[in-house]
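Numbered per my numbering, the sequence shown finishes at 274, counting up by one with no gaps. Backbone N, C-alpha and C define an ideal beta-carbon position, used for all residues, glycine too.
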Amino acid sequence: MLEGVKRQGPRRVSAFRHPPFLVLERRATQPPTQEESLRASQEPGPIATPTNQEPRINDRIRAREVRLVSPEGEQIGIRPLPEALDMAQDLGLDLVEVADTASPPVCRIMDYGKFKYEQSQKAKESRKKATHVLVKEMKYRPKIGPGDFDTKTRKVEAFLAEGSKVKVTIMFRGREMQHPQLGRRILDRVAETVSHVGRVEVFPKQDGRNMVMVLVPGQATRRQRETAADHRAEEAAAEEAAAEAAAEAAAEVAAEVLEAEATQSEEATGTEETTVDSTSPDETTETS
């Protein structure tokens, strides 16, 4: 019976057959075919979200309807997004979302590339001006003559016209520190003379033995002119009060001097009378 049964040996596994997990692994590592690559390239990808610094434009706008603004800045009204996109495309321009927080969002038709270029140029120019602001200094003396004052003030005016800041310094020496109103008066004259090209940024203040004022380009405002006038009025009132106080003090000193002289004169007169009285009896005795 055993002889009639065909003896079977160990089962061989074909070299072309693999377990399922091996087949999956092989397929995953294979590069995509040309047909799969073409199909993937034709499928629309996800819409890129704009950065925080750039607005949404054209197909990136997500609203169903927008408040449309023309290239000239005129209000067109609320339009469906496809209609707004068609209008921008007909003009050969872009649809730019300029106010995404509004309801509906505000979109304007414009040349976005040109707009970005102009904005970058403005930013570059503003940075250039901010980093290249020069500060010039002009020094005056409290007792400066009219000719020197005019020459220095014309230079201050030229500096302001060039776009530079100007630091105006009054230098005091010795007893000149006792009269700060002289320096303040010169600074007010300078500010008033150049008010058509410069305005006061830092009002006069004492800095050690100097008095300093800072001017910047730009016409002085009405409020600044009124403030300067108020300062001059206060200085004039203070000078007048100081002059009156000095006059009163001088009058008091003069009165005291006169009183002292009168007292000394009276004392001298009394001494002479006493001397005459003491010598009178002797003279009478000799006569007799």
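In angstroms, rounded to a whole number, what distance separates the CA positions of Ala223 and Met124?
Straight across, the Cα-Cα distance linking Ala223 with Met124 is about 28 angstroms.
Considering Cα atoms alone, identify which of Glu51, Leu201, Arg195 is closest to Leu67.
Ranked by how close their Cα comes to the Cα of Leu67, the residues Glu51, Leu201, Arg195 have Glu51 in first place.
Among Gln205, Gln192, Ala147, nearest to Phe158 - alpha-carbon criterion
The shortest C-alpha separation from Phe158 is found at Gln192.
So, are the CB atoms of Arg175 and Met197 less than 8 angstroms apart?
Met197 sits away from Arg175, with the two beta carbons spaced by 8 angstroms or more.
Span of the beta strand (DSSP E), counted from its first residue to its last, around Pro190
From DSSP, the beta strand (DSSP E) with Pro190 extends over 184 to 193.
Provide the residue(s) that pair with Ala85 in DSSP beta bridges, ordered along the chain.
Looking at the DSSP assignment, Ala85 forms a beta bridge with Val92.
In whole angstroms, what separates the C-alpha of Lys153 from that of Ala229?
One C-alpha to the other measures close to 31 angstroms.
Would you report the Cα separation of Lys122 and Glu104, rounded to the nearest angstrom?
Spanning the two alpha carbons is a distance of roughly 32 angstroms.
Could you tell me whether the Cβ atoms of Pro128 and Ile156 are closer together than 8 angstroms?
In contact: Pro128 and Ile156 (Cβ atoms closer than 8 angstroms).
Whether Leu120 touches Ser89 by CB criterion (8 angstroms):
At a Cβ-Cβ threshold of 8 angstroms, Leu120 and Ser89 do not count as neighbours.
For Gln61, which three-state DSSP category applies?
Of the three classes helix, strand and coil, the one that applies to Gln61 here is strand, per DSSP.
In or out: Asp136 buried (at least 16 other Cβ within 10 Å) or exposed?
Exposed.
Counting beta carbon pairs with one atom in the region 137 to 146 and one in the region 176 to 188, are three or more of them shorter than 8 angstroms?
Cβ pair count under 8 angstroms is three or more, so yes.
Residues bridged to Leu54 (per DSSP):
Looking at the DSSP assignment, Leu54 forms a beta bridge with Gly63, Cys93.
Would you tell me roughly how many angstroms separate the C-alpha atoms of Ala237 and Glu148, rounded to the nearest one?
Spanning the two alpha carbons is a distance of roughly 54 angstroms.
Work out the CA separation of Arg185 and Phe145 for me, nearest whole Å.
Their Cα atoms are separated by approximately 13 angstroms.
Tell me, please, which residues DSSP counts as bridged to Val152.
Note: Val152 sits in a beta bridge opposite Lys122, Leu201.
From Lys100 to Val188, what does the alpha carbon distance come to, in whole angstroms?
Distance between the alpha carbons of Lys100 and Val188: 40 angstroms.
I'd like the list of long-range same chain contacts for Met163, defined as Cβ closer than 8 angstroms, with 5 residues on each side in sequence excluded.
Apart from the 5 residues on each side of it in sequence, Met163 sits with its Cβ closer than 8 angstroms to the Cβ of Arg195 in its chain, given in chain order.
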